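Notes to accompany the following structure.
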Amino acid sequence: LLCAGTKGKRFALPNSDIMIHQVSGGAQGAASDVERQVDYMFKLKKRLISIIAQHTGKSEEQVRLDSDRDYYMSAAEAKAYGLVDEVIKSRKEVKLLDGATPPPGDRSVAVAEAALPRKAGG
Numbered sequence: 190l191l192c193a194g195t196k197g198k199r200f201a202l203p204n205s206d207i208m209i210h211q212v213s214g215g216a217q218g219a220a221s222d223v224e225r226q227v228d229y230m231f232k233l234k235k236r237l238i239s240i241i242a243q244h245t246g247k248s249e250e251q252v253r254l255d256s257d258r259d260y261y262m263s264a265a266e267a268k269a270y271g272l273v274d275e276v277i278k279s280r281k282e283v284k285l286l287d288g289a290t291p292p293p294g295d296r297s298v299a300v301a302e303a304a305l306p307r308k309a310g311g
């Protein structure tokens, strides 16, 4: 899950599409096997809703409603929802945010630093 990544390091590019949805799958076989598979899917659905709620700050009820059907978001909408922390302009920004040294004359550091959230009072 994208939202369960390290807080502050969950990125999306501007043209990303991000989707949440409920658990899906299929089951076949004996009725008792199908029943077990369906029970597992419902348990997994509850667990995933809880994880998304925990990492986005949304209520479990809101996540359940939003994920009942495929819910597509732009990168900016995913940031507002709490699934990602920053919308970055290029993958270079991620490398720089992780501490890589840019080549001489590369101004990507300034771009990457501008994308970082600012601490209050600092």
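Numbering (this note's numbering), first residue to last: 190 to 311. Note that the Cβ used here is the ideal one computed from N, Cα and C, for glycine as well. If you're wondering where the values come from, they're calculated on a predicted model, not measured in any experiment.
Quiz item: Got a sec? Which residues, its chain only, sit under 7 Å from Leu191 by beta carbon, not counting five neighbours each side?
Solution: Taking the first residue of the sequence shown as position 1, residue 191 is located at position 2. Cβ within range, chain order: Arg199, Ile207, Leu272 and Val273.
Self-check item: Endpoints, beta strand (DSSP E) assigned at Asp255
Solution: Taking the sequence shown and counting its residues from 1, the one referred to as residue 255 is at position 66. Taken as a continuous stretch (DSSP letters only), Asp255 belongs to no beta strand (DSSP E), being part of the alpha helix (DSSP H) at Glu249 to Asp255.
Exercise. Measure the beta-carbon distance from Ala201 to Ala264 and round it to whole angstroms, keeping in mind my assumption that it falls under 8 Å.
Key: Here residue 201 refers to the residue found at position 12 when the sequence shown is read from its first residue. Here residue 264 refers to the residue found at position 75 when the sequence shown is read from its first residue. Ala201 to Ala264, Cβ: 4 Å. Contact.
Quiz item: Expressed to the nearest angstrom, what Euclidean distance is found between the alpha-carbon atoms of Ile240 and Ser205?
Solution: Indexing the sequence shown from 1 puts residue 240 at position 51. Indexing the sequence shown from 1 puts residue 205 at position 16. The straight-line gap from Cα to Cα measures roughly 22 Å.
Quiz item: Three-state secondary structure (DSSP) at Ala201?
Solution: In the sequence shown, counting from the first residue as 1, residue 201 sits at position 12. DSSP places Ala201 in strand when its eight states are reduced to three.
Quiz item: Within 10 angstroms of its Cβ, does Pro203 collect 16 or more other Cβ (buried), or is it exposed?
Solution: Here residue 203 refers to the residue found at position 14 when the sequence shown is read from its first residue. Exposed, by the Cβ-count rule.
Exercise. Give the range of the beta strand (DSSP E) segment to which Ile209 is assigned.
Key: Locating residue 209 in the sequence shown gives position 20, where the first residue counts as 1. Unbroken beta strand (DSSP E) run through Ile209: Asp206 to Ile209.
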